[in-house]
Amino acid sequence: MTMNVLGYAAQSAKADLAPYRFERRDPRPNDVVIEILYCGICHSDVHKVNNDFGNTHFPVVPGHEIVGRVVSRGSNVSRFSEGDLVGVGCIVDSCRACPECRTGREMFCEKGVTFSFDSLEQDGKTWTYGGYSTSMVVDEAYVLRIPKGLDPARAAPLMCAGITTYSPLHRFGCKADDEVAVVGLGGLGHLAVKLAASMGADVTVLSTSRGKEEDAARLGAKRFVATKVAGAVDALAGKFDLIVDTVSAPHDFNKQLTILRNFGTLVLVGLPPAPITLEPFVLLHGNRRIAGSNIGGIPETQEMLDYCGEHEVAADIELIKIQDINEAYERMLRNDVKYRFVIDIASLKE
Ligand code: NAP
Ligand code: ZN
Ligand code: ZN
15 MTMNVLGYAA QSAKADLAPY RFERRDPRPN DVVIEILYCG ICHSDVHKVN
65 NDFGNTHFPV VPGHEIVGRV VSRGSNVSRF SEGDLVGVGC IVDSCRACPE
115 CRTGREMFCE KGVTFSFDSL EQDGKTWTYG GYSTSMVVDE AYVLRIPKGL
165 DPARAAPLMC AGITTYSPLH RFGCKADDEV AVVGLGGLGH LAVKLAASMG
215 ADVTVLSTSR GKEEDAARLG AKRFVATKVA GAVDALAGKF DLIVDTVSAP
265 HDFNKQLTIL RNFGTLVLVG LPPAPITLEP FVLLHGNRRI AGSNIGGIPE
315 TQEMLDYCGE HEVAADIELI KIQDINEAYE RMLRNDVKYR FVIDIASLKE
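Under the numbering used here, read the sequence shown as residues 15 to 364, first letter to last.
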């Protein structure tokens, strides 16, 4: 037995997304069935639809910033009840036995993590379909609680953009009065600004879009630097303890390294689909570090959600109908985001 579900899919690389029916598994004893209310649009969805990494399995139903309500639960489910507001992010299953799974870093599961879309289930053969759909079946161990007080639509982007920026800020010890730069003011970038500011850091936004200056201040940044202005970035030499680079397209990393303090860290969360060139001298000078950060595990995602509930951090969103998704993708590629598109799944009907 399976459940027939309506979603939106791309049938091939760069194709428009359009209605698509597919099957989800019948709930098992540890599963909850979630009626999806909202789903954020992450640039990773766009990379996947465009087959930027050359590994997309079509048809693809993207979506991994999911908020919904539990509508039924299997006999062994103990953490959730019907009616609970819940979230699902990038991870929906893993082996649960390897050292990474046991320490809550399921994204690095040694047997292979199951992502919420364009990924294989733990059976090694069933493809997953994401949150651009009306409902989802997920093992309760991979379901998150949405704290009371957070608006569900504005909480949806926390499921990926939130954890992806919270995790490196946390790991690299962001604290009061640190100088933190956020490169790229999009979905990830605007949450990085809000989160770093909530931790007390002095935040600088580095952006190619001059029109985002006022928004940067409203989001909590103390400074805005338009990176296309000649000399603007050079003037920041040696300033930052931490730089969070959220840029989705190829760009110059060497210039960015020069604006780190000695022992400072440039952490990459953006995924430009191209190799980078690194000048060793700029890294060695000042013992600078370059690091990567990949989403975050289930326990840290819950920690981030609870933190956001406490500190009233949520995304600034444009709520759209699913019929407007292809235009939203185009706007995203033009850096025209304010600052996360979220799909109102109530609009997904036949
Ligand atoms: P987004 O909303 O489209 O924001 C990306 C921003 O990057 C743009 O708004 C723009 O900001 C800047 N940008 C774009 N092209 C640029 C260029 N050529 N040069 C300089 N800056 C440029 O995307 P997002 O959803 O935040 O995702 C950002 C990246 O993170 C994507 O590559 C995505 O796949 C990746 N990602 C990684 C993880 C992870 O686990 N590490 C998780 C989620 C997403 P300005 O207008 O301010 O310049
Ligand atoms: Zn994402
Ligand atoms: Zn594992």
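Using N, Cα and C, we set each Cβ at its ideal position, and we do this for glycine too.
For residue i, three-class secondary structure by DSSP
i: Ser-58; result: helix
i: Ser-86; result: strand
i: Ala-195; result: strand
i: Arg-345; result: helix
i: Met-213; result: coil
i: Ser-147; result: strand
i: Arg-93; result: coil
i: Ile-304; result: strand
i: Thr-315; result: helix
i: Ile-334; result: strand
i: Pro-287; result: coil
i: Val-102; result: strand
Cβ pair residue i, residue j closer than 8 Å
i: Gly-214; j: Lys-253; result: no
i: Arg-302; j: Ala-329; result: no
i: Ser-133; j: Glu-120; result: no
i: Ile-357; j: Tyr-146; result: yes
i: Gly-200; j: Asn-90; result: no
i: Leu-183; j: Lys-208; result: no
i: Leu-202; j: Ala-175; result: yes
i: Gly-242; j: Thr-222; result: The sequence as given places Lys at residue 242; Gly does not occur at that position. Yes, the Cβ-Cβ distance between Lys-242 and Thr-222 is below 8 Å.
i: Ile-50; j: Gly-97; result: no
i: Val-60; j: Leu-347; result: yes
i: Ala-342; j: Ile-331; result: no
Beta-bridge pairing of residue i - partner residues as DSSP gives them
i: Met-17; result: Arg-38
i: Asp-107; result: Thr-128
i: Tyr-52; result: Val-81, Asp-358
i: Phe-277; result: Phe-277 is not bridged to any residue.
i: Phe-254; result: Leu-274
i: Arg-116; result: In DSSP, Arg-116 forms no bridge with anything.
i: Arg-232; result: Arg-232 pairs with nothing; no bridge assigned.
i: Thr-218; result: Ala-195, Arg-237
From the options, residue whose alpha carbon lies closest to that of residue i
i: Lys-363; options: Ala-211, Gln-337, Trp-141; result: Gln-337
i: Phe-129; options: Lys-62, Asp-66, Val-91, Ile-257; result: Lys-62
i: Val-219; options: Ala-195, Glu-332, Ile-339; result: Ala-195
i: Thr-272; options: Leu-256, Phe-67, Thr-260, Leu-31; result: Leu-256
i: Lys-269; options: Ala-246, Val-283, Gly-284, Thr-260; result: Ala-246
i: Ser-181; options: Asp-40, Leu-319, Cys-115; result: Leu-319
i: Thr-179; options: His-78, Met-17, Asp-259; result: Asp-259
i: Val-47; options: Glu-227, Met-15, Glu-154; result: Glu-154
i: Lys-226; options: Val-152, Lys-335, Phe-94, Val-197; result: Val-197
i: Cys-115; options: Ile-80, Tyr-156, Leu-51, Asn-18; result: Tyr-156
i: Ala-249; options: Ala-235, Glu-228, Leu-274, Val-151; result: Leu-274
i: Pro-171; options: Lys-352, Ser-86, Ala-244; result: Lys-352
i: His-325; options: Glu-293, Ala-211, Gly-118; result: Ala-211
Beta carbon proximity, residue i to chain C, threshold 8 Å
i: Leu-298; result: Absent from the structure is chain C; it holds one protein chain and no more.
Inter-stretch contact at 8 Å, needing at least 3 Cβ pairs: the stretch 307-320 / the stretch 100-108:
With the cut-off at 8 Å, the stretch 307-320 and the stretch 100-108 touch.
Counting pairs of beta carbons, one from the stretch 157-170 and one from the stretch 27-40, are three or more of them closer than 8 Å?
Contact between the stretch 157-170 and the stretch 27-40 is not established, with fewer than three Cβ pairs separated by less than 8 Å.
Spell out a yes or no on whether the stretch 64-78 and the stretch 19-27 are touching, meaning 3 or more CB-CB pairs, one atom from each, closer than 8 Å.
Counting C-beta pairs closer than 8 Å gives three or more between the stretch 64-78 and the stretch 19-27, which meets the contact rule.
Segment contact, 8 Å Cβ cut-off, at least three pairs: the stretch 278-292 with the stretch 250-269
The stretch 278-292 and the stretch 250-269 touch, with no fewer than 3 CB-CB distances between them shorter than 8 Å.
How would the residue list near ligand 5 read, in chain order, if you kept each one whose beta-carbon is closer than 7 Å to any heavy atom?
What this structure holds is ligand 1, ligand 2 and ligand 3, not ligand 5.
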